[in-house]
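Before any comments, here is the structure.
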Amino acid sequence: MDTRGDLSPLLSNDEDDEVMISSIGNHSEASCRFLSTPNRRTSDGLFENGDSGIEALVSDTDESVRPKKTADYEALDYDTIENELYYAEETKMSHRQWKCIQIQRWLICVLIGITTGLVAVIINISIIQLTELKMKIVTQAIEKCVKSACLYQPLLIWITINAGLVMIAALLTVFVAPVAAGSGIPQIKCFLNGVKVPNVVRLKTFFTKVVGIIASVSGGLAVGKEGPMIHAGAVLAAGISQGRSITFKLTFPLFEYFRNDREKRDFVCAGAAAGVAAAFGAPVGGVLFSLEEASSFWNQALTWRIFLCSILSSYSLNFFMSLYHHHGGDLAYPGLINFGKFEGTYEGFELPIFFFMGVIGGLLGALFNAINHKITIFRNKYVTIRFLKVVEVIIVSVVSATIAFMMMFLSAQCNPLGQDINVDLQFLCEDGQYNTMASLFFTPPEDSVKSLFHDPLGSFQPLTIIIFVLPYFFVACWTYGLQVPSGLFIPALLIGAAWGRLIGICMNAICPDCLWSQDVAKYALIGAAAQLGGTVRMTISLTVILIEATGNISYSLPLMTVLMIAKWVGDFFNQGIYDKHVHLAKVPILEWEPPPLSINIHAREVMGTPAVTVREVCLVKDICRVLSDPHNCHSGYPVTNEEGKFRGFVLRSQLLILLKHKVFMERSGPDDRLELAVFRDSYPRYFPLSIVNVSEDEQRCHIDIRPYLNPAPYTISERASLPRIFRLFRALGLRHLVVVNDNFEVVGIVTRKDIWKWGHHGKS
Amino acid sequence: MIEMIFYGYFCFVFMQCLSGIIIIPGTVSGTKYVKYKTSAFNSSFNEFWVEVVPETVNVAEGRVPKECMKFLFAFSNATSDFIDCAVTNARPLHYCQKCAEKYVKVQEIYKLIFKDVSEGGMKGCKELILRADNIQVVLMTYDFVTSIWSKSTCDNCFNVSYKNHTKVYNVTKEAKLLLKKINNTMDCFRDFASGIFPSNQTSDSNSTVCTMCINLYCDANDLYDQIERDKLLCSDLIDSMNYTRLDWGKKYNCTIAVIDKGEVWIITAIVCFLPIMFYVGAWLCKTKCLCHSQVVETES
């Protein structure tokens, strides 16, 4: 017990940990607030609770002020409950039914792929149209005002439109689904790791994410749409695979078999892959992203299904976008390649230059993460009221718009018309010239990246790029973590492409007549890759995504090495930005490896003790008492027989369902059992204890838990080491691990959070 | 035994191929000769058919029938005419107007080759001309010509009609009008430079090229903007207008831009002040609230 006592102060002494995180959201589902108090912590499910009866007891703490604790996160049940009901159902299932389920899996993947593609189409087209509309209005105002001295008008118009659009996103995010803020990749990562981030795969989150990202990108914030698309894909996957919508009270008699965490996890994985595929037009990159970044448990059989899903998503997007670009059905239309097609090549002696760029990328990425980390901590500490959060977002959008306008206003860089350009805003230039800065700001951010990649040498002067990239870096830093859906890929790529192009221009200045220095596109690409790699620290999936999004494989070696170098250099200073945000949110996520130097820590030090147990056959009164005890609001209980020997494991949700359906021994025949379907039906939102009415009479009845309990859960001896326990959790996605002694008596229980704590404060 | 026969057969084929390769230069020189001749006579399409293949060329040597060679020669002439025209009119860019006819000719001949109908209903020329070798020069050249045409969006400046199954390109009303206006403006610039003033304007000392040509320039500019909105621009128009504008702006410094920095700077200052106020406010509020709650706690 003393170890336990030491741990909690440790937790609260750490400044970072004190901070509440809002990017994961202020949810109202989890409610076991007493659990963070150390001495009350007696046994198992620690941070795991359903919508329990304790809700009522906790009453009215202000959601937005209360610091978010690890205790607010539940774990997912990735372990199948192999109870008697399950056995019965499996025995009944014919070979044909089994095949049918397999086919359904494929069918769901097809559906996920196509719908994700469609959603991406909606997002893309809306952003393009809204940006065009906005820019048309502003351009007209500028053209009018340049001649009649009223330039403040277009500035005000621009600020108003931006603030208005972004306010929609902020209001939705803050008041409807706070979990939709940010890119969504950290949240999906947590979900796939086995942590139930509240609301993360809900319909309202999806809605907020889609509308929010359209509004915030077209509202001119320094954000991209890629991360949110991945989240949207994951939510779609979770929704489709369940065959019902709880929000709309719609339940189709479809896909019932998949209504559990384990099956859902696989589909969410596929959805994330489909999201990447749609966001970057990178189907293989999507699969690898799921493998590298998102999922913690990878099933080989799943790979091919996920690949199908990504391919479908990417090509359904391409198909509809080709229609939109009036090249209907031409799936090879080059305009569909996300960052434009690259066709150049490079010389061997350029590799050191690229490596150097990798180092710069790593440094800048680390700087970006560090600044963002500080800002996030400040934000979490001081900007806690909902109203203030919305105001903050609006302020950022107003500042972004003003900076953009002032950059165009002050930049005296004009280029003659005539070359192939997208935007030809004249602004203060002479007739026949256009403002080069405007071609970066008057388009959706992807097109700015494309211009920086592909516009010919000389279309951006070095000074323009410097004036552009410096403020943009800080604005992007400031923007990520706001209460709006915001992707990080595009801002990072934009920053990297800008300084990469700058290096390209330098090379060209050093050797103006060399053939190899004529092509600045490759430097811009490598810069973009380095910056992104230094920020998010992904390697293989990012390489493949960039290869696919540029339609060029000849840069694979420089891309790969640069990403690797950027990652190494960045890791030397701090974590990747997603891990940082996961860490700040205090999500009990399990890393790849057990905590270092922990071999001497044993189960009896890690476990929670004494475990609250229930009997195989016990009084309703006892169960009610256990369930309603605010000190023990755990999500699962070991079951013992009269002698105290361990017999199995039962989940809180199961007990609640048993109580609700009044499966009392005195009231029913010996063979009356609940169907497994009843349990599936109440997934994933279990009801609180408060709605279960148990009369005085019923309190004296007995419940036989035996048919429902999991008779053979994973257990471990109290002498097992922490790395061993960790590996069990990591590989099997466990939620609880019962610790037994030599006499098969329950001595304690290990949960995910226990391990997480050791991982974070292990040897200190 | 059978192997021997096969071997002999392959040798035979190989020798034939070799002889084919050697013969090709002869035919090429023939083409050249014809090209100069036809362009010198400026022959029409029909004459061209008759004259195109000189009797001196021994077509049998290339193992391509005479009917097909006619196609090839015709295509060669048409493309070289077009490219000649396009390059000569590349600067200042006017090839859309000047080379439309030649472009039509290339297309017509290609269509004939592609339809594979030649004199006397003979078939098979298409195969021989387009796909018989590993370079496929004809296809490449055709792609090159069409890519020049489509990249310049030349079609936008023409009304295409059909006459006797032949495409006829007529320059659109708008394009004609705009070019006229641009020419007038440029004339105005030139006149000013050479000291000639329009009759209705007196040469007072204040008048500059800007005041003199502004009406013409604005007229042209407005029409250009309108055509741009209708998406009917071709590269001829874009280029002419760009250079007129450049002259107007760069050469004569006529652009009017009234910069009013006052209000813009005030707005910027206010906006920059916003985040500072916000964060300091948030910080103060929080620390104050905390102090307040602590006071309450100690009191209670």
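In order, the protein sequence lines correspond to chains A and B.
Quick note on numbering: the first sequence equals residues 1 to 764 in the working numbering.
Quick note on numbering: the second sequence equals residues 765 to 1064 in the working numbering.
We put the CB at the ideal spot given by N, CA and C, even for glycine.
Remember, predicted model here, so these are calculated numbers, not experimental data.
Legend entry - Contact list for Tyr480(A) against chain B, beta-carbon separation under 8 Å: None at all; the shortest Cβ gap to chain B is about 16 Å.
Inset, instruction - Would you check if there are 3 or more beta carbon pairs closer than 8 Å linking the region 156-169 of chain A to the region 387-405 of chain A? - result: yes
Inset, instruction - With a 10 Å radius around its C-beta and 16 neighbouring C-beta atoms as the bar for buried, classify Val851(B) as buried or exposed. - result: exposed
Inset, instruction - Use the C-beta contact count for Arg667(A): other C-beta atoms within 10 angstroms, 16 or more gives buried, fewer gives exposed. - result: exposed
Legend entry - Beta bridge counterpart(s) of Thr251(A) as assigned by DSSP: Arg244(A)
Legend entry - Inside the region 446-485 of chain A only - alpha helix (DSSP H) runs reaching at least 4 residues: 462-479
Legend entry - Residues of its chain near Asp266(A), where Cβ-Cβ distance is below 6 Å and the 5 sequence neighbours each way are ignored: Leu302
Legend entry - From Val746(A), Ser721(A) and Glu745(A), residue whose alpha carbon lies closest to that of Ile755(A): Ser721(A)
Legend entry - Selection from Cys921(B), Tyr867(B) and Met1041(B) that minimises the alpha carbon distance to Ser844(B): Tyr867(B)
Legend entry - Near-chain A residues of the region 870-895 of chain B - C-beta to any C-beta below 8 Å: none
Inset, instruction - Go ahead and pull the three-state DSSP assignment for Gln433(A). - result: strand
Legend entry - the region 563-573 of chain A contacting the region 590-597 of chain A, beta-carbon criterion three pairs below 8 Å: no
Legend entry - 9 Å Cβ cutoff, Gln413(A) in contact with chain B: no
Inset, instruction - Alpha carbon to alpha carbon, how far is Pro588(A) from Lys753(A)? Give it in angstroms, no decimals. - result: 6 Å
Legend entry - Span of the alpha helix (DSSP H) around Arg386(A): Arg386 to Leu410
Legend entry - Backbone CA spacing between Gly733(A) and Thr80(A) [nearest angstrom]: 11 Å
Legend entry - Range of the contiguous alpha helix (DSSP H) that encloses Ile353(A): Leu351 to Tyr382
Legend entry - Nearest to Val870(B) (by Cα), restricted to the options Ala854(B), Ile912(B), Lys887(B) and Asn985(B): Ile912(B)
Legend entry - is_contact[Asn947(B), chain A] using C-beta, thresh 9 Å: no
Inset, instruction - May I ask you to report which of helix, strand or coil DSSP gives Gly271(A)? - result: helix
Legend entry - Proximity to Val223(A) [Cα-Cα], best of Gln575(A), Tyr480(A) and Ala524(A): Tyr480(A)
Legend entry - Proximity test, Cβ basis, 9 Å: Phe1042(B) and chain A: yes
Legend entry - Classification of His27(A) by the beta-carbon crowding that lies within 10 angstroms, buried from 16 upward: Residue confidence for His27(A) is low, a pLDDT of 34 falling below 50, so the modelled location carries little weight; the figure read from the coordinates is stated next. His27(A) should be labelled buried.
Legend entry - Per-residue contacts from Asp431(A) into chain B (C-beta, under 7 Å): Arg1009, Trp1012, Gly1013 and Thr1019
Legend entry - Cut-off 7 Å between Cβ atoms - residues of its own chain near Leu291(A), not counting five sequence neighbours on either side: Trp298
Inset, instruction - Taking only the alpha-carbon atoms, compute the straight-line gap between Ala712(A) and Phe646(A) and give it to the nearest angstrom. - result: 10 Å
Inset, instruction - Identify, in the order they occur along the chain, each residue of the same chain with its Cβ nearer than 7 Å to the Cβ of Leu203(A), setting aside the five sequence neighbours on each side. - result: Gly239, Ser245 and Thr247
Inset, instruction - Would you check if the region 463-470 of chain A and the region 161-171 of chain A touch, i.e. whether three or more CB-CB distances between them fall below 8 Å? - result: no
Legend entry - Residue-chain proximity (Asn979(B), chain A), Cβ-Cβ < 9 Å: no
Legend entry - Per-residue contacts from Pro1039(B) into chain A (C-beta, under 7 Å): Ile395 and Val399
Legend entry - Cutoff 9 Å: Thr384(A) Cβ touching any chain B Cβ: yes
Legend entry - For Thr936(B), three-class secondary structure by DSSP: coil
Inset, instruction - Would you grab the beta carbon distance between Phe289(A) and Ala273(A) for me? Rounded to a whole angstrom, and I think it's under 8 Å. - result: 6 Å
Legend entry - Residues sharing a beta bridge with Asp519(A), DSSP: Asp519(A) pairs with nothing; no bridge assigned.
Inset, instruction - Give a yes or no on whether 9 Å exceeds the smallest Cβ distance from Ile1031(B) to chain A. - result: yes
Legend entry - Inter-residue Cα distance where the pair is Glu675(A) and Lys209(A): 37 Å
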